[in-house]
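Here's the structure, in structure tokens; my notes come after.
There are 2 protein chains.
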Amino acid sequence: MTDRNIEAIVAGGSAVRATEGVDEHLVERRVRSESVYEGHFLKVRRDEIRLPNGKTAWREHVVHPGAVMIVPIADDGLLIIERQYRYPIDRVLLEFPAGKLDPNETTLHCAQRELREETGFRAREWAYAGRMHNAPAYSNEFIEVWLARGLVAGPQELDDGEFVEVQTMSEAALFALAVTGELTDAKTMVGLLKLQQWRSGAWSPSWQPAE
Amino acid sequence: MTDRNIEAIVAGGSAVRATEGVDEHLVERRVRSESVYEGHFLKVRRDEIRLPNGKTAWREHVVHPGAVMIVPIADDGLLIIERQYRYPIDRVLLEFPAGKLDPNETTLHCAQRELREETGFRAREWAYAGRMHNAPAYSNEFIEVWLARGLVAGPQELDDGEFVEVQTMSEAALFALAVTGELTDAKTMVGLLKLQQWRSGAWSPSWQPAE
Numbered sequence: 005m006t007d008r009n010i011e012a013i014v015a016g017g018s019a020v021r022a023t024e025g026v027d028e029h030l031v032e033r034r035v036r037s038e039s040v041y042e043g044h045f046l047k048v049r050r051d052e053i054r055l056p057n058g059k060t061a062w063r064e065h066v067v068h069p070g071a072v073m074i075v076p077i078a079d080d081g082l083l084i085i086e087r088q089y090r091y092p093i094d095r096v097l098l099e100f101p102a103g104k105l106d107p108n109e110t111t112l113h114c115a116q117r118e119l120r121e122e123t124g125f126r127a128r129e130w131a132y133a134g135r136m137h138n139a140p141a142y143s144n145e146f147i148e149v150w151l152a153r154g155l156v157a158g159p160q161e162l163d164d165g166e167f168v169e170v171q172t173m174s175e176a177a178l179f180a181l182a183v184t185g186e187l188t189d190a191k192t193m194v195g196l197l198k199l200q201q202w203r204s205g206a207w208s209p210s211w212q213p214a215e
Numbered sequence: 005m006t007d008r009n010i011e012a013i014v015a016g017g018s019a020v021r022a023t024e025g026v027d028e029h030l031v032e033r034r035v036r037s038e039s040v041y042e043g044h045f046l047k048v049r050r051d052e053i054r055l056p057n058g059k060t061a062w063r064e065h066v067v068h069p070g071a072v073m074i075v076p077i078a079d080d081g082l083l084i085i086e087r088q089y090r091y092p093i094d095r096v097l098l099e100f101p102a103g104k105l106d107p108n109e110t111t112l113h114c115a116q117r118e119l120r121e122e123t124g125f126r127a128r129e130w131a132y133a134g135r136m137h138n139a140p141a142y143s144n145e146f147i148e149v150w151l152a153r154g155l156v157a158g159p160q161e162l163d164d165g166e167f168v169e170v171q172t173m174s175e176a177a178l179f180a181l182a183v184t185g186e187l188t189d190a191k192t193m194v195g196l197l198k199l200q201q202w203r204s205g206a207w208s209p210s211w212q213p214a215e
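Respectively, the protein sequence lines represent chains B and Y. Residues in the first sequence are numbered consecutively from 5, following this note's numbering. Residues in the second sequence are numbered consecutively from 5, following this note's numbering.
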């Protein structure tokens, strides 16, 4: 086996909109689309699509506005983390703060708003740390990751019916919980990977002031 | 701020079924549940729930059978990775092999089956690397992670209408793509975190033969 050249893969379109012909052998095309469930939170569509081999098939998928996750780093190095009950899995999860984008909201504005609302913290400095797709088989959700530092505490502004416990934890403790299996939230583990890449020198955050 | 004792957090129930009273201030209780969409792939339920403050609210959520992801490591150290078109996001993603559990299937059996079907590879040795929840706000999906080594190549057995390109890539190249943002699949980034924890000595896989 031979390693594959990174540039070739990038050019080949990993995580890149696949409309330029190079991935015609993989791409599925929409024939028609219908809404099958329009709830308060979840919207589900069912699309008839054309497969690369010309046959048709159906794709059912959740329509999501996108989200942000914040990795908040206090001046003493501790991370701000939430404990939150997640109804679908009947578990309390440890998670970095996160929330859905409002219409026409920039991801940085959303990150600042969600951090303030859920934890009470404001951050003086922000650094973009990339995007993830967390359920690409059946949801168009993406999560934009922001690091935040220069934290200033304030009051939580939780929505009515939102219950979030805010804690602080060292990076080492959080990494240890990911090893033991006590930390299972995928986006939070991706946040840990970003921190690890920063600490190892593979990546360096580009800090900017709050908007 | 003070660091928080790991044992206290584990005892407090992170990622642990929250039914023992310690998290009563966070837990939501089902009042009633109804199916609102029953598709070929997606099943959606809408539940009336009781919040910790006694009020009621609704939770809409996808019912998923659970899944496995395989991190396949060839004898020369290269990783087996897939390029696959994901309709909901209109992108070709780089992903470790993964697939849904069949009814009554063990996660290891599922991992062996999915690796063989999607990539053609069989693996002589397997090591469990933990669980993740990838969309806990609106899906009960969990993904069990298995490392696989001692790979033997064979023919792909793709389902009709499944199009998957199999490649090999070094760990370093895959980490680099996660830094540049070309790799956006959350479960695959969690796989990279597991590999990093192994390489750094924070965790050591416990290998077992194939079932």
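From the three backbone atoms N, C-alpha and C, an ideal C-beta is built for every residue, glycine too.
Taking 8 Å as the limit between beta carbons, can you name the residues of its chain near B/E118, skipping five residues before and five after?
V72, I74, P101, A102 and G103
Check the Cβ of Y/E169 against every Cβ in chain B and list those closer than 7 Å, keeping chain order.
L30
Determine the extent of the beta strand (DSSP E) in which Y/L216 is found, giving its start and end residues.
Residue 216 of chain Y lies beyond the range of chain Y shown here (5 to 215); nothing can be said about it.
Residues near Y/G195 by beta carbon distance below 7 Å, same chain, minus five either side:
M73, V75, F100 and V149
Alpha carbon of B/A15 to alpha carbon of Y/L187, nearest angstrom:
With a pLDDT of 34 at B/A15, under the threshold of 50, the modelled position of this residue cannot be trusted; read the value that follows with caution. C-alpha separation (whole angstroms): 13 Å.
Counting only runs of 3+ residues fully inside the segment 148-200 of chain B, write out the beta strand (DSSP E) ranges in chain order.
168-173
Chain B partners of Y/I93, CB-CB under 8 Å?
H137, P140, N144 and F146
For Y/T60, name the three-state secondary structure that DSSP assigns.
strand
Three-state secondary structure assigned by DSSP to B/L30:
coil
Got a sec: is the Cβ-Cβ distance from Y/A206 to anything in chain B below 7 Å?
yes
Can you give me the start and stop residues for the alpha helix (DSSP H) that B/E52 sits inside?
Segment K47 to R54 is the beta strand (DSSP E) holding B/E52; no alpha helix (DSSP H) there.
For the alpha helix (DSSP H) that contains Y/E113, what are its first and last residues?
At residue 113 of chain Y the sequence reads His, which differs from the Glu that was named. Start and end: T111 to T123.
Short Cβ contact (7 Å threshold) for B/Y142 with Y/V40
no
Name the chain Y residues whose beta carbon is nearer than 9 Å to that of B/T110?
The contacting residues do not exist; B/T110 stays about 18 Å from chain Y at best.
State the DSSP-derived secondary structure class of Y/W130, mapped to helix, strand or coil.
strand
Going by other Cβ atoms of all chains shown within 10 Å of its Cβ, with 16 needed for buried, is B/V156 buried or exposed?
exposed
In whole angstroms, what is the alpha-carbon distance linking Y/R153 and Y/W202?
14 Å
Please return the same chain residues whose Cβ sits closer than 8 Å to the Cβ of B/R21, not counting the five positions on each side in sequence.
With a pLDDT of 49 at B/R21, under the threshold of 50, the modelled position of that residue is not reliable, and the figure given next carries that caveat. Answer for B/R21: no residue qualifies.
B/A12 - DSSP class collapsed to helix/strand/coil
With a pLDDT of only 36 at B/A12, under the threshold of 50, the placement of this residue in the model should not be trusted; the figure read from the coordinates follows. Here B/A12 sits in helix by DSSP.
Taking 8 Å as the limit between beta carbons, can you name the residues of its chain near Y/E32, skipping five residues before and five after?
I53, R54, L55, P56, A61 and R63
Quick one: which chain B residues come within Cβ less than 9 Å of Y/T188?
S18, A19, G134, R135, M136, H137, P140 and F146
Report the option in B/P140, B/P69, B/F146 and B/F125 whose CA atom is closest to the CA atom of B/T172.
B/F125
When you compare the CB of B/R8 with every CB in chain Y, is at least one pair closer than 7 Å?
Confidence at B/R8 is low in this model, with a pLDDT of 38, below 50, so its placement is unreliable and the value that follows should be read with caution. B/R8 counts as touching chain Y.
Would you mind sorting Y/P159 into buried or exposed? The rule is 16 or more other CB atoms within 10 Å of its CB.
exposed
CB Y/L105 to CB Y/G70, shorter than 7 Å?
yes
Measuring alpha carbon to alpha carbon, tell me which residue in B/Y91, B/A182, B/Q212 and B/R49 is nearest B/F167.
B/Y91
Would you mind giving the Cβ-Cβ distance between Y/A190 and Y/N138, rounded to the nearest angstrom? I have them listed as a contact below 8 Å.
6 Å
Straight-line Cα distance separating Y/G81 from B/W207:
23 Å
Could you confirm whether any beta carbon from chain B is found closer than 7 Å to the beta carbon of Y/A61?
yes
Using a Cβ-Cβ cutoff of less than 7 Å, which residues in the same chain neighbour Y/H113 once the five nearest sequence positions on both sides are dropped?
E215
Here's the rule: buried if 16 or more other CB atoms are within 10 angstroms of the residue's CB, otherwise exposed. What is B/T110?
exposed
Have a look at B/H29, B/L98 and B/K198 and flag the residue whose alpha-carbon is nearest the alpha-carbon of Y/L181.
B/K198
Taking the beta strand (DSSP E) that B/E99 falls in, what are its first and last residues?
R95 to E99
Given that B/F179 touches chain Y, what residues does it touch there, using C-beta distances under 8 Å?
Q201 and A206
Which residues mark the beginning and the end of the beta strand (DSSP E) in which Y/W211 is found?
W211 to P213
Looking only at its own chain, which residues have a Cβ that is under 6 Å from the Cβ of Y/L151, when we skip the five neighbours before and after it?
V75, A131, A133 and P209
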